[in-house]
């Protein structure tokens, strides 16, 4: 069944209460979508929702049953943006299996959870846009972030597989791969690592600067749009050229 083009598209944005997720939620709402902000930070999500005319729900994306329940209650969704994630800065031999499980659960398994819940509705309506926020680390590797990079690489492979399975059903699946983006979390890391860390991140890009959350949101908005119907299975780097040649 083809989607009703006159209906207002519904979008689910995970990890949408702050940082890159907040910018994505703001952009999609400005573009006229009915946005549901899903985040463990319930109060922050609700404040943002009120500010931009969206909806909010408290959600741990690692909870398979809760994810399915939220989609059943709040959906169906035409657009899914998997943005929720967590990083760790430590060499692999200084990490533990508990660290690995947490990084893989939030950065990879959660993407499986939400996609499993949202995708059947997209298939039934013959329309869907899945945009997964990964990282250039998933293509290039990450010194001091090996398990995070592995999880993001898994997101890329999973997304391409979903694109292959659904390409003739009106559903696209793509990845946005940010490089160093100016967020509060990055600023905290820079404060601990000093000027050399900032210099190293900016020099790793061809642009010679940090990216903005709005620049990531613009890429997501394009891939979520009607105009991106012929773009699927792709990885779009928003990294100032960091992934050039990868």
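In the working numbering, the protein residues as written are 63 to 308. The beta carbon of each residue, even a glycine, is placed where N, CA and C say it ideally should be. Remember, predicted model here, so these are calculated numbers, not experimental data.
The three-state reading of DSSP puts residue 221 in helix, counting H, G and I together. Burial is judged here by how many other beta carbons sit within 10 angstroms of a residue's own beta carbon; residue 261 has fewer than 16 and is exposed. Residue state for residue 74 is assigned as strand, using DSSP reduced to three classes. If the five residues before and after residue 288 are omitted, its C-beta is found closer than 7 Å to no C-beta atom of its own chain. Here the alpha carbons of residue 282 and residue 183 stand approximately 21 Å from one another.
Distance between residue 115 and residue 155, taken at the CA atoms: about 46 Å. Listed in chain order, the non-local C-beta contacts of residue 96 below 6 Å within the same chain comprise 70 and 72, local neighbours out to five positions each way being set aside. Taken in chain order, the whole alpha helix (DSSP H) runs of length 4 or more contained in the segment 232 to 297 are 246 to 255, 257 to 265 and 275 to 285.
Proximity of the segment 192 to 207 to the segment 136 to 150 meets the contact definition, three or more beta-carbon pairs being nearer than 8 Å. Taking C-beta atoms as the reference points, residue 110 and residue 79 count as a pair closer than 8 Å. In terms of Cβ geometry, residue 213 and residue 204 do not form a close pair [threshold 8 Å]. Per DSSP, residue 83 is one residue of the alpha helix (DSSP H) stretching across 81 to 92. The residues 151, 152 and 153, in chain order, have a CB closer than 8 Å to that of residue 206 in the same chain once the five nearest residues on each side in sequence are set aside. Taken in chain order, the complete beta strand (DSSP E) segments of 3 or more residues contained in the segment 150 to 184 number zero; there are none. By the criterion of a C-beta distance shorter than 8 Å, residue 269 is surrounded in its chain by 302 and 303, once the five residues flanking it on both sides are discounted.
Across the structure, residue 136 and residue 257 are spaced so that their CA atoms are roughly 45 Å apart. Residues of the same chain with a CB within less than 6 Å of the CB of residue 88, apart from the 5 flanking positions on each side, are 114 in chain order. Leaving aside the five residues that flank residue 208 on each side, the residues in its chain whose CB is nearer than 7 Å to its CB run, in chain order, 154.
Taking C-beta atoms as the reference points, residue 132 and residue 169 fail to come closer than 8 Å.
The beta carbon of residue 284 sits closer than 6 Å to those of 290, all from its chain and outside the five residues before and after it, given in chain order. Distance from the CA of residue 295 to the CA of residue 166, rounded to the nearest whole angstrom, comes to 22 Å. In terms of Cβ geometry, residue 198 and residue 240 form a close pair [threshold 8 Å]. Excluding its 5 nearest sequence neighbours in each direction, residue 85 has C-beta neighbours in its own chain below 6 Å: 275, 276 and 279, listed in chain order. Taking a C-beta distance under 8 Å as the contact criterion, residue 123 and residue 92 do not qualify as a contact pair.
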